[in-house]
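S.K.: Per our numbering, the very first residue in the sequence shown carries number 295; after that it's consecutive. Once you've had a glance at the structure underneath, I'll fire off some questions.
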Amino acid sequence: MTEQKKPLLQLRKLKKHFPVDRNRILRAVEDVSFTVYEGEKFGVVGESGCGKSTLGRTILQLYEASGGSCVYYGKSIQELNPRYIQDEIDKLKDYQKKAGDYYQKSLAVDAEAEKLRAQTADLDPDGNKSDEVKYIRLRKEIAKKEFESKELRKDASRQLREGSRTVGSLILCRDIDKIAELFTKAENEVRTVHQTVLKHNKIVNQIEQNEVLLDQKANVDKWIADLEAKPSLNDQEEFELADLKAIKKNTASLDAAKLQAEIETLKPQAEQLKAEIEEHGRIEMNYRNEAFEKYRGKDILPLTELTMDPAYQAKLDRNYETGINLGKLTKQEMRSIRPDLQMVFQDPAASLDPRQSVGKAVEEVLQIHTNMSRDLRREKTLSLLHQVDLKAEHYYSYPNSLSGGMKQRVGIARAIALDPSFIVLDEAVSALDVSVQAQILQLLNRLQEEKNLTYLFITHDLGVVKHFCDRVMVMYLGRVCELASCADLFKRPLHPYTQSLLDAVPRMRLNQEENDEDILQGEVPSPINPPSGCPFHTRCRKCMDICKETMPKYREVEPGRFVACHLYDEKENQNA
295 MTEQKKPLLQ
305 LRKLKKHFPV
315 DRNRILRAVE
325 DVSFTVYEGE
335 KFGVVGESGC
345 GKSTLGRTIL
355 QLYEASGGSC
365 VYYGKSIQEL
375 NPRYIQDEID
385 KLKDYQKKAG
395 DYYQKSLAVD
405 AEAEKLRAQT
415 ADLDPDGNKS
425 DEVKYIRLRK
435 EIAKKEFESK
445 ELRKDASRQL
455 REGSRTVGSL
465 ILCRDIDKIA
475 ELFTKAENEV
485 RTVHQTVLKH
495 NKIVNQIEQN
505 EVLLDQKANV
515 DKWIADLEAK
525 PSLNDQEEFE
535 LADLKAIKKN
545 TASLDAAKLQ
555 AEIETLKPQA
565 EQLKAEIEEH
575 GRIEMNYRNE
585 AFEKYRGKDI
595 LPLTELTMDP
605 AYQAKLDRNY
615 ETGINLGKLT
625 KQEMRSIRPD
635 LQMVFQDPAA
645 SLDPRQSVGK
655 AVEEVLQIHT
665 NMSRDLRREK
675 TLSLLHQVDL
685 KAEHYYSYPN
695 SLSGGMKQRV
705 GIARAIALDP
715 SFIVLDEAVS
725 ALDVSVQAQI
735 LQLLNRLQEE
745 KNLTYLFITH
755 DLGVVKHFCD
765 RVMVMYLGRV
775 CELASCADLF
785 KRPLHPYTQS
795 LLDAVPRMRL
805 NQEENDEDIL
815 QGEVPSPINP
825 PSGCPFHTRC
835 RKCMDICKET
845 MPKYREVEPG
855 RFVACHLYDE
865 KENQNA
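Below you can see the structure in the form of structure tokens.
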């Protein structure tokens, strides 16, 4: 499935650290990498405190990431025109220079370490007490130099990695100024497209607003008559009737023929602007393609020992970002992209203002993020309530008159109000009764099919994940343990932690004695002071010596299956 779908969101070594005091840091999310595909239901599970909710909030930039990247592909750079891309183009020369400088410094430190090693060769630490003291001192100095050299090489690699986000492996080329010039020309086209998109959207919004006014003018008398024909009206219907009479008053003086003529005039303008957008987009891609075709793999600078390696160049090309790096957006830019990225919270009651009616709570989203008229906002809100299986009279209801399931439906209506492409569902059904959970999950499934939504489903309920999600990621102490399709993970879990979670699920067992060894023992270690090596080794029944010392690599052990466990080191070596 994932090979046929295009990426919507890509995380690379995302980190979120919270400072506790001057010397301590809480590592809530550490080096998390995965890709969410368009139209996917991606589950995230783990014990309480494993970093699931923090991950969701960091993706949405409610928390500022401490490192790594979160790239969004649901909106083009032409639509947003982020400022950081031109800033990064201007820094390309500096990235090159700093990478070279760091590497040369590391070589100088290596030379100093080599001189110290030569001094140890002349000592006899086993037979001479004085030599033993000197030898120990020199070995400490050598260790410091080795660490310093290693860190300098990492700094050099970071500079090239940052530059590669903008131009891929072209960051290694000698003609970086000419490359920057071509990418600057491409960015000029992006700015032109962006301004044209704004004009196009303004015209489209005007067309939609005129169509709504025409619909109201043509049908408001019928809507009023239908309500007045009822023997009696409840409070909500009284409010609705008052609103309809206000709409009739506002639309009475409108010239329907003039509105229709304006629509017919605006439609060709919208089509012309759409053609201009496509033309400038083509020119922009031509500049980018010219840069890659002309300079990729040619006249490479020896900035580090890896730059001449084709595999390293290919790695830098994979770092090239064609989407929008959410962590580099300004607050204003993030606000403009916020409609695409929404969230449904765990507690439906706490997420609603008790002094605000349901209609106003949903309508507020449209008031903040759109230029819709009051009448258009109301019509859109009533449509949203209908989509989440609430009645029109609930527009005037207050949260205290709704059940928990109804409140969560309001939360979902707010989340889909701006037609997002990505929604974080943070324990969205955990506070609801089982029967209500099923109704909400069915609603989410229907909305996904109708609107092509993508979900990040955060939960601790493995049963819900099994029947709702396409793929699932297991987290422990801020790190990823395993990622696989739901079918594969529940059929054959690979990581011992995943196995323990599945063993802990209550089941009916006939003629079988429960094995206490299968139950996960102990508490999750503190993320402020995590254990060395694998973070799960303190509770793992398959723990080995290497687990206590070395962090396992997060690797793809089977197509589409990723795991971070030393149990699969031997299998990888055998396959090699």
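Each residue gets a CB set at the ideal place from its N, CA and C atoms; glycine is no exception.
#1: Give the straight-line distance between the Cα atoms of E565 and I497, rounded to the nearest whole angstrom.
#2: To the nearest whole angstrom, what separates the beta carbons of P824 and R321, a pair I think is in contact under 8 Å?
#3: Give the straight-line distance between the Cα atoms of S342 and Y848, rounded to the nearest whole angstrom.
#4: Between K294 and Y581, which are expected to be in contact by the criterion C-beta below 8 Å, what is the C-beta distance as a whole number of angstroms?
#5: Output the boundary residues of the alpha helix (DSSP H) element that contains R855.
#6: Can you tell me whether N422 is buried or exposed? The criterion is at least 16 other CB atoms within 10 Å of its CB, across all chains shown.
#7: If you follow the alpha helix (DSSP H) that T329 is in, where does it begin and where does it stop?
#8: Go ahead and pull the three-state DSSP assignment for M295.
#9: With H, G and I counted as helix, E and B as strand and the rest as coil, what does DSSP make of D469?
#10: Please report the straight-line C-alpha distance between H789 and D603, rounded to a whole angstrom.
#11: Could you say which of P693, G772, L678, E481 lies nearest to L712 if we only look at CA atoms?
#12: Let me make sure I understand the geometry here. Which of L349, L492, P313, M700 has the alpha-carbon closest to that of V718?
#13: Kindly give me the distance between the Cβ atoms of K701 and A781, rounded to whole angstroms, as I take these residues to be in contact under 8 Å.
#14: Taking the C-alpha atoms as reference points, what is the distance between K299 and G591?
#15: Taking contact to mean 3 or more Cβ pairs, one atom from each stretch, closer than 8 Å, check whether the stretch 369-385 and the stretch 499-513 are in contact.
#16: Distance, Cα to Cα, F639 vs K335?
#17: With a threshold of 16 other CB atoms inside 10 Å of the CB of H688, please say whether the residue is buried or exposed.
#18: If I measure Cβ to Cβ from V427 and keep anything under 7 Å in the same chain, skipping five residues before and after, which residues do I get?
#19: By the three-class DSSP mapping on this structure, what secondary structure does L548 have?
#20: Between which two residues does the alpha helix (DSSP H) harbouring H313 extend?
#21: DSSP state of D611, grouped into three classes?
#22: Three or more C-beta pairs under 8 Å: does that hold for the stretch 391-408 against the stretch 362-380?
#23: Are three or more beta carbon pairs between the stretch 607-623 and the stretch 461-477 nearer than 8 Å?
#24: By the three-class DSSP mapping on this structure, what secondary structure does D720 have?
#25: Look at the alpha carbon of K444 and the alpha carbon of L302, and state the distance between them as a whole number of angstroms.
#26: Leaving out the 5 sequence neighbours to the left and right, which residues in its chain are closer than 6 Å to D727 when beta-carbon positions are compared?
#27: Span of the alpha helix (DSSP H) holding E776?
#28: Using a threshold of 8 Å, state whether the C-beta atoms of T365 and I594 are closer than that.
#29: Does DSSP put I822 in a helix, a strand or coil?
#30: Decide if M579 is buried, meaning its Cβ has at least 16 other Cβ atoms within 10 Å, or exposed.
#31: If you compare alpha carbons, which of L676, L446, V768, D425 is closest to D537?
#32: Identify whether F336 lies in helix, strand or coil by the three-state DSSP scheme.
#33: Could you name the residues of the same chain whose beta carbon sits closer than 8 Å to that of Q759, not counting the 5 residues immediately before and after it, in chain order?
#34: Residue range of the alpha helix (DSSP H) that T460 falls in?
#35: Quick one: grab the DSSP three-state call for V728.
#36: Whole angstroms are fine: how far does the CA of F328 sit from the CA of S424?
M.R.: Reading from the atomic positions:
#1: Walking along the sequence shown from the start, residue 565 turns up at place 271. Walking along the sequence shown from the start, residue 497 turns up at place 203. Approximately 10 Å, taken between the alpha carbons.
#2: Position 530 of the sequence shown, counted from the first residue, corresponds to residue 824. Position 27 of the sequence shown, counted from the first residue, corresponds to residue 321. P824 to R321, Cβ: 7 Å. Contact.
#3: Here the question's residue 342 lines up with position 48 in the sequence shown. Here the question's residue 848 lines up with position 554 in the sequence shown. Taking the straight line from one Cα to the other gives about 22 Å.
#4: Look at the range of the chain in this structure, 295 to 870, and you will see that residue 294 is not part of it.
#5: For the purposes of this step, residue 855 is identified with residue 561 of the sequence shown, where counting begins at 1. No alpha helix (DSSP H) contains R855, which is instead part of the beta strand (DSSP E) from 855-858.
#6: As a position in the sequence shown, residue 422 is number 128, starting the count at 1. Burial call: exposed.
#7: Here the question's residue 329 lines up with position 35 in the sequence shown. First-last for T329: 319-331, but that is the beta strand (DSSP E), not the alpha helix (DSSP H).
#8: On the sequence shown, residue 295 is found 1 positions in, with the first residue counted as 1. Its pLDDT being 44, under 50, M295 is placed unreliably in this model, and the value from its coordinates should be taken loosely. It is coil, neither helix nor strand.
#9: Stepping through the sequence shown from its first residue, residue 469 is reached at position 175. D469: coil per DSSP, three-state reduction.
#10: Residue 789 sits at position 495 when you count from the first residue of the sequence shown. Residue 603 sits at position 309 when you count from the first residue of the sequence shown. For H789 and D603, the distance between alpha carbons rounds to 34 Å.
#11: Taking the first residue of the sequence shown as 1, we reach residue 712 at position 418. Cα-wise, what sits closest to L712 is L678.
#12: Locating residue 718 in the sequence shown gives position 424, counting from the first residue. Nearest C-alpha to V718: L349.
#13: As a position in the sequence shown, residue 701 is number 407, starting the count at 1. As a position in the sequence shown, residue 781 is number 487, starting the count at 1. Not quite, the Cβ-Cβ distance comes to about 33 Å (not below 8 Å), so this is no contact.
#14: Looking up residue 299 in the sequence shown gives position 5. Looking up residue 591 in the sequence shown gives position 297. About 30 Å.
#15: no
#16: Indexing the sequence shown from 1 puts residue 639 at position 345. Indexing the sequence shown from 1 puts residue 335 at position 41. Near 17 Å, if we compare the C-alpha coordinates of K335 and F639.
#17: Locating residue 688 in the sequence shown gives position 394, counting from the first residue. Buried: at least 16 other Cβ atoms inside 10 Å.
#18: On the sequence shown, position 133 is the one that residue 427 refers to. Taken in chain order, the list of residues that qualify is empty.
#19: The count along the sequence shown starts at 1 and reaches residue 548 at position 254. Three-state DSSP puts L548 in coil, outside helix and strand.
#20: What you label residue 313 is simply residue 19 of the sequence shown in a count that begins at 1. This sequence places Pro at residue 313; His is not what is there. Note, P313: premise wrong, no alpha helix (DSSP H); beta strand (DSSP E) at 301-313.
#21: To locate residue 611, count along the sequence shown from 1; it is residue 317. D611 falls in the helix class under three-state DSSP.
#22: no
#23: yes
#24: Taking the sequence shown and counting its residues from 1, the one referred to as residue 720 is at position 426. Three-state DSSP puts D720 in a strand.
#25: Working through the sequence shown from its first residue, we reach residue 444 at position 150. Working through the sequence shown from its first residue, we reach residue 302 at position 8. C-alpha separation (whole angstroms): 35 Å.
#26: The residue you call residue 727 lines up with position 433 of the sequence shown. None.
#27: Sequence index remark: in the sequence shown, residue 776 carries index 482 (1-based). Premise fails: E776 lies in the beta strand (DSSP E), 773-779, not in any alpha helix (DSSP H).
#28: Taking the sequence shown and counting its residues from 1, the one referred to as residue 365 is at position 71. Taking the sequence shown and counting its residues from 1, the one referred to as residue 594 is at position 300. With the sequence shown as reference, residue 365 is identified as Val, and Thr is not the correct amino acid for it. No, they are not a contact pair.
#29: As a position in the sequence shown, residue 822 is number 528, starting the count at 1. Looking at I822 - three-state DSSP - the assignment turns out to be coil, as it is neither helix nor strand.
#30: Within the sequence shown, the letter at position 285 stands for residue 579. Exposed, by the Cβ-count rule.
#31: For the purposes of this step, residue 537 is taken as the residue at position 243 of the sequence shown. Here the closest residue by C-alpha is L676.
#32: Taking the first residue of the sequence shown as 1, we reach residue 336 at position 42. Three-state result, F336: strand.
#33: Translated into the one-based positions of the sequence shown, residue 759 becomes position 465. The residue you asked about is not Gln; residue 759 is Val in the sequence shown. Excluding sequence neighbours, V759 sits near G337, V339, F751, T753, V766, C780.
#34: Along the sequence shown, read from residue 1 onward, the residue named residue 460 stands at position 166. 423-461 is the span of the alpha helix (DSSP H), which, as asked, contains T460.
#35: To locate residue 728, count along the sequence shown from 1; it is residue 434. Three-state result, V728: helix.
#36: If you number the sequence shown from 1, residue 424 lands on position 130. If you number the sequence shown from 1, residue 328 lands on position 34. So the alpha carbons of these two residues sit roughly 55 Å apart.
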